[in-house]
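Using the working numbering, the first residue of the sequence shown is number 18, and each one after it goes up by one.
Note that CB positions come from ideal geometry on N, CA and C, so glycine has one too.
Keep in mind it's a predicted model, so treat the numbers as computed, not measured.
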Amino acid sequence: MASIIKNTSALFIAHFIVRVISFGLLILLPRYLNEIELGAYFWAAAFTNMMVIFAELGMQTPLIREITIAPAKAQIYISNALAMRLILSVITLAMMVSIANLFGSPQETVQIVYILGLSEIVYSIAQIFRSTFRAFEEMKFEALVVLTERVLVILPFIIIKKIGGNFFYVGGGTPLLEFNLKTFCITILTARVVHLFLSFGIMEGKFAQLSFKLSLGFFKILLLQSLPFAMGNIFNLIYFRIDTVMLARLSPYGQSAVAWYGLAYGLVIALTIIPGAYMGAVFPVMSKALKKRDLGQSDFQVLYTRAFKLMFILALPISLGLALLTENVVSLFWPRAIYSTSTIDPALNLLSWAGGLIFLNTVLTTVLRAADKRATFTTLMGTGLAFNILLNLYLIPRYSHRGAAIAMVLTEVYLFIFGFTYISTKLTKLNQFSFVFKSAIAALCMGVLLWLLRDKFSIFFLIPIAGLVYVGIMALWYYSIKRKA
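Encoded structure:
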């Protein structure tokens with residue numbers, strides 16, 4: 018148990034810091050790149066991140082499992098997984114280049130795709146080496162490499178902030194290199210190359226050394242274990258990226274719409290570390306609880322209810338607060354001289370509700386994974402992706418980035434309805450619902466307060482006050498019930 022707590026804590030702290038740095042980049046980038054450049058970056062990042070799933074093919078989880086079961090075979094497992102990843106990476110990189118050119122994107126955007134595509138491939142190869150950190154339960158090394166990478170990415174902004182301007186200088190004040198979109202993407206690639214070599218060095222020194230002993234038998238094992246969830250993962254990742262890719266082609270505002278949507282989307286996704294970290298810790302416990310036959314009043318039902326309840330109690334005030342304070346939040350982070358209320362604001366206002374639903378849907382998808390419901394997970398993600406694409410095809414040409422945000426909200430509603438219904442009918446039910454009513458009342462009171470005060474006070478005052486009101490009302494509910502009992 019001590020080992021689990023230590024590893025989970027190290028990983029959570031590292032990824033939390035990474036999210037903070039990534040959010041910092043989200044705030045800084047619009048100050049150095051114009052809307053077109055920013056849109057090109059968000060589009061290329063979404064496109065390459067979506068495509069790299071074909072190189073990864075869901076093999077990390079079975080690889081970790083196999084090394085955990087047979088640590089002595091780590092060398093041959095890593096070597097074979099690396100060989101497979103390299104073959105798939107070459108194919109995937111060729112696909113990225115071909116599709117980017119077929120899209121008819123501007124030449125600068127295509128160049129950015131080349132750089133970011135290569136950085137995604139480098140990262141996916143490093144992921145093979147990092148698998149040993151998890152298999153040998155030494156997550157502190159993963160924490161080290163991911164933190165190192167993010168610090169290297171944000172370093173140019175710190176240097177520019179220190180010396181001023183958009184240039185790196187050498188002795189005598191001679192400009193060495195202009196900081197622009199291309200140099201930023203090269204910085205990302207460089208940081209990931211460092212990540213790769215650092216991961217490789219730690220693996221070689223601490224856990225396993227590479228060999229060139231390839232085994233067709235292990236190739237087959239890895240493929241057979243990877244594919245069942247691979248399709249669901251592919252659908253899931255494409256769903257979270259396809260709207261950005263489609264915006265550039267379908268929106269009348271082109272790359273500018275991608276920039277507006279990307280900033281709003283990035284802010285909302287930054288909040289999803291909360292359900293991700295919590296459900297990551299709950300997943301193994303749920304898996305063990307599911308081994309028991311009784312799925313009625315079982316540990317599994319208690320875990321499911323507790324997780325759903327916590328995510329609902331957190332999601333409702335966050336979504337409502339972000340929706341009511343959209344204008345305040347955007348004004349705080351991005352210059353109004355560039356981003357008027359018709360740019361980022363509409364997308365963020367809508368996506369705040371999608372973010373809340375992601376909290377709940379993370380619980381549902383974790384339950385499906387823990388229950389090993391591969392076919393259901395894949396079907397849910399596949400139909401959700403198809404629904405999202407159809408909505409985007411209709412909504413984006415008419416409503417631009419607002420349409421993409423509406424499509425995401427409706428898709429999250431779809432995933433919630435069908436995921437929740439399946440779990441309730443086939444696996445287990447929530448053993449209480451009273452928290453829904455109590456949270457709604459507390460959120461309503463908080464919302465009324467924010468609506469009345471949002472134009473009168475700073476956001477730094479409003480958020481703590483809103484939090485105190487919500488938590489205070491929830492505490493009153495809790496203690497009144499406890500006193501009656």
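Which class does residue i belong to by DSSP, given the choice of helix, strand or coil?
i, result
"residue 435", "helix"
"residue 158", "helix"
"residue 222", "helix"
"residue 355", "coil"
"residue 269", "coil"
"residue 49", "coil"
"residue 209", "helix"
"residue 360", "coil"
"residue 389", "coil"
"residue 475", "coil"
"residue 26", "helix"
"residue 441", "helix"
"residue 307", "coil"
"residue 300", "helix"
"residue 230", "coil"
"residue 376", "helix"
"residue 366", "helix"
"residue 450", "coil"
"residue 40", "helix"
"residue 348", "helix"
"residue 188", "Low confidence applies here, because residue 188 scores a pLDDT of 41, under 50, leaving its location unreliable and the question unanswered by this model."
"residue 493", "helix"
"residue 315", "coil"
"residue 289", "coil"
"residue 557", "Given a span of 18 to 502 for the chain in the structure shown, any question on residue 557 remains unanswerable."
"residue 342", "coil"
"residue 153", "coil"
"residue 235", "helix"
"residue 329", "helix"
If you check the beta carbons only, do residue i and residue j fall under 8 Å apart?
i, j, result
"residue 349", "residue 171", "no"
"residue 460", "residue 333", "yes"
"residue 96", "residue 227", "yes"
"residue 56", "residue 273", "yes"
"residue 285", "residue 368", "yes"
"residue 306", "residue 364", "no"
"residue 381", "residue 452", "no"
"residue 322", "residue 124", "no"
"residue 376", "residue 320", "no"
"residue 139", "residue 213", "yes"
"residue 303", "residue 383", "yes"
"residue 445", "residue 317", "yes"
"residue 244", "residue 202", "no"
"residue 130", "residue 112", "no"
"residue 58", "residue 198", "yes"
"residue 378", "residue 293", "no"
"residue 426", "residue 370", "yes"
"residue 343", "residue 366", "yes"
"residue 441", "residue 329", "no"
"residue 276", "residue 299", "no"
So, for residue i: in the same chain, excluding its five sequence neighbours on each side, which residues have a beta-carbon less than 8 Å away from its beta-carbon?
i, result
"residue 103", "142"
"residue 483", "334, 338, 463, 466, 467"
"residue 81", "148, 151, 152"
"residue 543", "Here the chain comprises residues numbered 18 to 502, so residue 543 is not present and cannot be evaluated."
"residue 211", "165, 166, 169"
For residue i, verify whether its CB is less than 7 Å away from any heavy atom of the ligand ADP.
i, result
"residue 344", "Annotation note on the ligand ADP: not contained in the displayed structure, which lists no ligands."
By Cβ distance below 6 Å, which residues in the same chain neighbour residue i in space, the five residues on each side in sequence not counted?
i, result
"residue 327", "none"
"residue 351", "47"
Can you tell me the Cβ-Cβ gap for residue i and residue j, rounded? I've got them flagged as a contact below 8 Å.
i, j, result
"residue 421", "residue 270", "Going by Cβ atoms, the distance from residue 421 to residue 270 rounds to 11 Å, so no, they are not a contact pair."
"residue 416", "residue 423", "7 Å"
"residue 297", "residue 336", "Between residue 336 and residue 297 the Cβ distance is about 22 Å, and since that is not below 8 Å, they are no contact."
"residue 109", "residue 61", "Contact flag wrong, Cβ pair sits at about 15 Å."
"residue 63", "residue 258", "4 Å"
"residue 76", "residue 264", "Not confirmed; about 31 Å, so no contact."
"residue 146", "residue 220", "4 Å"
"residue 157", "residue 27", "5 Å"
Could you pull out every residue in the same chain whose Cβ sits closer than 7 Å to the Cβ of residue i, ignoring the five residues on either side in sequence?
i, result
"residue 254", "67, 70"
"residue 225", "91, 92, 95, 149"
"residue 53", "272, 273"
"residue 34", "164"
"residue 137", "65, 66, 69"
"residue 340", "366, 369, 370"
"residue 431", "401, 404"
"residue 105", "71, 72, 74"
"residue 429", "371, 374, 375, 378"
"residue 397", "432, 435, 436"
**Request:** Taking only runs that begin and end inside the region 57-145, name each unbroken alpha helix (DSSP H) of 4 or more residues, in chain order.
**Result:** DSSP runs (the alpha helix (DSSP H)) wholly in the region 57-145: 70-73, 77-86, 91-119.
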